[in-house]
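Undergrad:
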Amino acid sequence: MFSRLDLASITAPEVKRENWRQHPKVMALITRYAQDVAELSTLTNGMRAPEIDEIKLVGAVLGHDQTPNLNQESEDGRVQFFQVSFRDVKSKKTSTKKWKKLLKWILIAMGVLIGIILIILLSNRLSLLTIKNTQQYASVCSSNRQQAAYAEELRKIRKSLGDELNQLPEWLTFKQARVNCSGGRISVNQQELRLLRCLLTVRNRTNNMSSTAHPKLNQIEACAGTLCKRNLPHLASLCKRL
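Have a look at this one:
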């Protein structure tokens, strides 16, 4: 029930059925009373944070016909009825928070999945490049032994590994490796022997090195594998050690 002062504001002549929502003072009064009702009404039972959902003007019929105007009259004075419905804002906020949390985890999972896919693609690409390079080196070492380019390529492979090892602080102690991996234009048989010896001595000296400091032996290992597949007599003993 409205107090007489508040009822006078709500039932003022300028407040009609068509425009009562456009009066801020009227809306403020109704909202204030509705909030008081929310604390007492059974409509808000079970709600954690009841909030006004809708306000409807229903008027009043007190033993006589409803008048066409906004106001109704009774023996005690003029009265007016409003119907208020409520909603639980807490449930809505909780639901929204759950959706946001779920969305956050979905985005994190998608980010992790995309990262894994990129790592796999990068790994595959690097593997393909390694295979391609290995095949390229093996192809070069499998060319005709009678060609001058064949012996020169073997020399370059040894020299390339020697240049890489030259960057290591321990290189000065690799006496045997420096001899076998150094350049020099010698016969084809000697080039093949020296290449295998270069690989064996370097491999023995660098086995205990960390992966970051370990020299790259893919090129010379691929070439050595190709040479040993030829079953050349002068390479037999060295190929057994590979």
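When we follow the numbering used here, the leftmost residue of the sequence shown carries the number 1, and every step to the right adds one.
Every residue gets a Cβ at the ideal spot worked out from N, C-alpha and C, and that includes glycine.
Note that the structure is predicted; figures quoted are calculated from it, not measured.
Could you check whether the region 156–163 touches the region 172–181, counting it as contact only if at least three pairs of C-beta atoms, one from each stretch, sit closer than 8 Å?
TA: The region 156–163 vs the region 172–181: in contact.
Undergrad: Would you tell me roughly how many angstroms separate the C-alpha atoms of V84 and P50, rounded to the nearest one?
TA: Taking the sequence shown and counting its residues from 1, the one referred to as residue 84 is at position 84. Taking the sequence shown and counting its residues from 1, the one referred to as residue 50 is at position 50. Between V84 and P50, the C-alpha separation is close to 12 Å.
Undergrad: Within the same chain, show all residues whose beta-carbon is closer than 7 Å to that of L29, passing over the 5 residues directly before and after it, in chain order.
TA: To locate residue 29, count along the sequence shown from 1; it is residue 29. Cβ within range, chain order: D6, S9 and I10.
Undergrad: Pop quiz: C239 and C223 are said to be a contact at Cβ under 8 Å. What is the actual Cβ separation, rounded to whole angstroms?
TA: By one-based count along the sequence shown, residue 239 stands at place 239. By one-based count along the sequence shown, residue 223 stands at place 223. 12 Å between Cβ atoms; not a contact.
Undergrad: What span of residues does the alpha helix (DSSP H) with G162 cover, start to end?
TA: By 1-based counting over the sequence shown, the position of residue 162 is 162. First-last of the alpha helix (DSSP H) with G162: A148 to L165.
Undergrad: Between which two residues does the alpha helix (DSSP H) carrying V202 extend?
TA: Reading the sequence shown from its first residue, position 202 is the one you call residue 202. Per DSSP, V202 belongs to the alpha helix (DSSP H) from V188 to T206.
Undergrad: To which residues does DSSP link Q83 through a beta bridge?
TA: Mapped onto the sequence shown, residue 83 falls at position 83. For Q83, which the question treats as bridged, DSSP gives the partners K56.
Undergrad: In whole angstroms, what separates the C-alpha of L129 from that of K101?
TA: Here residue 129 is taken as the residue at index 129 of the sequence shown, counted from 1. Here residue 101 is taken as the residue at index 101 of the sequence shown, counted from 1. Those two C-alpha atoms are separated by around 42 Å.
Undergrad: Q190: which of L168, A38, Y150 and L217 sits nearest, CA to CA?
TA: One-based indexing of the sequence shown puts residue 190 at position 190. Taking only the C-alpha atoms, the option nearest Q190 is Y150.
Undergrad: Cβ of V188 within 8 Å of Cβ of R230?
TA: Stepping through the sequence shown from its first residue, residue 188 is reached at position 188. Stepping through the sequence shown from its first residue, residue 230 is reached at position 230. No, they are not a contact pair.
Undergrad: In chain order, what residues of the same chain have a beta carbon less than 6 Å from the beta carbon of L154, not counting five sequence neighbours either side?
TA: Locating residue 154 in the sequence shown gives position 154, where the first residue counts as 1. Hits under 6 Å: Q191 and L195.
Undergrad: Taking the CB atoms as reference points, tell me whether I157 and Q219 lie closer together than 8 Å.
TA: Sequence index remark: in the sequence shown, residue 157 carries index 157 (1-based). Sequence index remark: in the sequence shown, residue 219 carries index 219 (1-based). Yes, the Cβ-Cβ distance between I157 and Q219 is below 8 Å.
Undergrad: Candidates K16, E18, S237 and E170: which alpha carbon is nearest M209's?
TA: As a position in the sequence shown, residue 209 is number 209, starting the count at 1. When only C-alpha atoms are compared, the closest one is E170.
Undergrad: Whole-angstrom Cβ separation of E221 and L199, contact assumed at under 8 Å?
TA: Position 221 of the sequence shown, counted from the first residue, corresponds to residue 221. Position 199 of the sequence shown, counted from the first residue, corresponds to residue 199. About 7 Å; that satisfies the 8 Å criterion.
Undergrad: Could you say which of I52, I116, I114 and N166 lies nearest to A34 if we only look at CA atoms?
TA: If you number the sequence shown from 1, residue 34 lands on position 34. Out of I52, I116, I114 and N166, I52 has the C-alpha closest to the C-alpha of A34.
Undergrad: Roughly how many angstroms lie between the CA atoms of L107 and L118, to the nearest whole one?
TA: Locating residue 107 in the sequence shown gives position 107, counting from the first residue. Locating residue 118 in the sequence shown gives position 118, counting from the first residue. If I take the Cα positions, the gap works out to 16 Å.
Undergrad: Please report how far the alpha carbon of I114 lies from the alpha carbon of A148, in whole angstroms.
TA: Numbered from 1 along the sequence shown, position 114 holds the residue referred to as residue 114. Numbered from 1 along the sequence shown, position 148 holds the residue referred to as residue 148. C-alpha separation (whole angstroms): 50 Å.
Undergrad: Give me the residue from T31, M47 and D36 with the minimum Cα distance to K56.
TA: Against the sequence shown, residue 56 aligns to sequence position 56. Of the listed residues, the one whose Cα sits closest to K56 is T31.
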